[in-house]
Structures are given as structure tokens and as C-alpha cells.
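For reference, the structure is listed below as C-alpha cells.
There are 2 protein chains.
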Amino acid sequence: MVGIVIVSHSYKIAEGIKDLTDQVANGHKGIVAAGGMEDKSIGTDAVRISEAIKQADEGDGVVILADLGSGIMSAETAIELLDGEGIDVRLADAPVVEGAITAAVTAACGSNIDQVIAAAEQTRTVKKIN
Amino acid sequence: MVGIVIVSHSYKIAEGIKDLTDQVANGHKGIVAAGGMEDKSIGTDAVRISEAIKQADEGDGVVILADLGSGIMSAETAIELLDGEGIDVRLADAPVVEGAITAAVTAACGSNIDQVIAAAEQTRTVKKIN
Chain A
25 MVGIVIVSHS YKIAEGIKDL TDQVANGHKG IVAAGGMEDK SIGTDAVRIS EAIKQADEGD
85 GVVILADLGS GIMSAETAIE LLDGEGIDVR LADAPVVEGA ITAAVTAACG SNIDQVIAAA
145 EQTRTVKKIN
Chain B
25 MVGIVIVSHS YKIAEGIKDL TDQVANGHKG IVAAGGMEDK SIGTDAVRIS EAIKQADEGD
85 GVVILADLGS GIMSAETAIE LLDGEGIDVR LADAPVVEGA ITAAVTAACG SNIDQVIAAA
145 EQTRTVKKIN
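Sequences listed follow chains A and B, in order. The first sequence stops at residue 154 when you use my numbering, and every number in between is there. The second sequence stops at residue 154 when you use my numbering, and every number in between is there.
Dropping the structure here:
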């Protein structure tokens, strides 16, 4: 299955998203939260993210969902840190909660990395209110 | 200031969003998290949401951000529970983390409820990756 890494400036947000994905994609062991700093304070940490990517990888690639711009930058640094590891790791340009939940469900169904990214990014356009 | 209520199925997500809004909209006292059930388990609770709306209201209206469809339904029930209280409370159709942060900043700048909703909903189209 395609791995999922959840990047947030908040430790609580990333852990909370992981709790929700555990409910909707129960059989998927490659979903990893990388929120906040080492001491759980607000921020993002490229080393923590790179470790999460390695943990999430099952050989089918890893999709990263991040909350804000500087989370994206930390994720890009994390990807650089893994240069040469041979992991197909990519960022989805999607809302972090909605994108991660959809990515988790899509990955758990056995979709490939392109399909997981497309599903996550499609959540931008899904209306919540009818 | 326009109040903000954060609705998530996860207690941790709602509290984490509140932590982030405390950083970017520090002077705003009307931002209230209403995540999870009374015992912090996964779910949404219309009564908890209605109490959060009352707490968030400073007389300028309240905008609700919710994570998923059933959170929207609970928020709609919460609004019905407040019928007759005279609070101008409305749902924003926006990603919960990104929308709440933008709504908080916009409200803290003294914008009105229409402007806060528009700013939150506009986050759907903001690209995270260049």
C-alpha cells in the first residue's frame, strides 16, 4: 500500500488525523503522523518527517499531506534528506485533514501513488454544505 | 470580533487548531474548539457545539468550521438548538485547518462575518506547492 505521512505544525492535529485514518483505513499500517517538534511544541521538523517517510514506506511510495507553507518546506527538506534511499515520496497539494482521510481510504483500497495524490487533491473541490 | 468555532470528529484536531489560532490571532478571545464527544472519543456533539457557539459570540456573529459531512450536520443541529438566541451563526464551506486559521486572522483584524466566511472559503483555492 502507498504510505501516508501527515505533517502539521501541531502535534495534536497530526495525531488526531492519524486517529481518524485508523478508523477509516484500519488495515493500513503505513500511515504515520509527524506533527510538531520533538518536544511536541508548535513547528515542523524535517528530520522527524524523514523518519516518518521511512516508516510509512512499504515499497509502493509515500504521499505527504502538510498543513501550511512552512510544513511543505520542511517536507521538501525531508525528501532531500532521503536522497538515494530509493523511496518514491511526493507531496499532495491538498487540505491536510480532508486530504489525509481521503488519501488513507484510497491507499487502503490498493490504489497506486498517482491515484492517491489525485484523490487527496480532489478534496479541494468537494462541497461540505449542500 | 467575529467568533470562530472549530468542529472536528477528533478532540485532538480541534484543540490543535485552537493552539495554532492562538499563535496567529493572539488577541482574539472568541475562538472555541468543539472536537470529539464529551469523553474525548471520536465523534461530534451538537450540544457541545451549541455551547461553543454561545461562548464564541461577542455580538458580531460566529463562523463554524467543520471537518467532515457529519460534523456539518451536528453543527446545523447546534444552530437549531440556538434558535431564538439571536446569534448570527453560519457555517463556512472550507477545509477545517486552513479555513480556521485564515478565519481567525481575518476576524482578529476586525473584519465582519461575510468577510471572515469569504476568507475561510477562499483557502480551498490557495496552492501550497509552487
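The beta carbon of each residue, even a glycine, is placed where N, CA and C say it ideally should be.
Establish whether the CB of residue i and some CB of chain A are separated by less than 8 Å.
i        : result
B/Glu39  : yes
B/Ala90  : yes
B/Glu109 : no
Going by DSSP, which residues form a beta bridge with residue i?
i        : result
A/Ala99  : For A/Ala99, which the question treats as bridged, DSSP gives no partner whatsoever.
B/Arg114 : B/Val87
B/Ile28  : B/Ile55 and B/Val87
Comparing alpha-carbon positions, which option in the options lies nearest residue i?
i        : options                                  : result
A/Gly110 : A/Lys78, A/Asn136, A/Thr126 and A/Ile141 : A/Lys78
B/Val140 : B/Asn154, B/Thr149 and B/Ala118          : B/Ala118
B/Gly93  : B/Thr68, B/Ser135, B/Val87 and B/Glu62   : B/Thr68
B/Ile66  : B/Gly108, B/Thr149, B/Ala90 and B/Tyr35  : B/Tyr35
A/Val31  : A/Asp46, A/Lys53 and A/Ala57             : A/Ala57
A/Asp91  : B/Leu44, B/Gln146 and B/Ala142           : B/Leu44
A/Val157 : A/Glu82, A/Ile55 and A/Thr101            : Nothing in the structure corresponds to residue 157 of chain A, since chain A is present only between 25 and 154.
Mind checking residue i: buried by the 16 CB within 10 Å criterion, or exposed?
i        : result
B/Lys64  : exposed
B/Met97  : exposed
A/Gly123 : buried
A/Met61  : exposed
A/Ile137 : buried
B/Lys151 : exposed
A/Thr149 : exposed
Give a yes or no on whether 8 Å exceeds the smallest Cβ distance from residue i to chain B.
i        : result
A/Gln146 : no
A/Val121 : yes
A/Ser32  : yes
A/Lys78  : no
A/Lys93  : The residue you asked about is not Lys; residue 93 of chain A is Gly in the sequence shown. A/Gly93 counts as touching chain B.
A/Ile141 : no
I believe residue i touches residue j by the beta-carbon criterion, under 8 Å. Please report the beta-carbon distance rounded to the nearest angstrom.
i       : j        : result
B/Gly27 : B/Ala80  : 3 Å
B/Val87 : B/Ala144 : 7 Å
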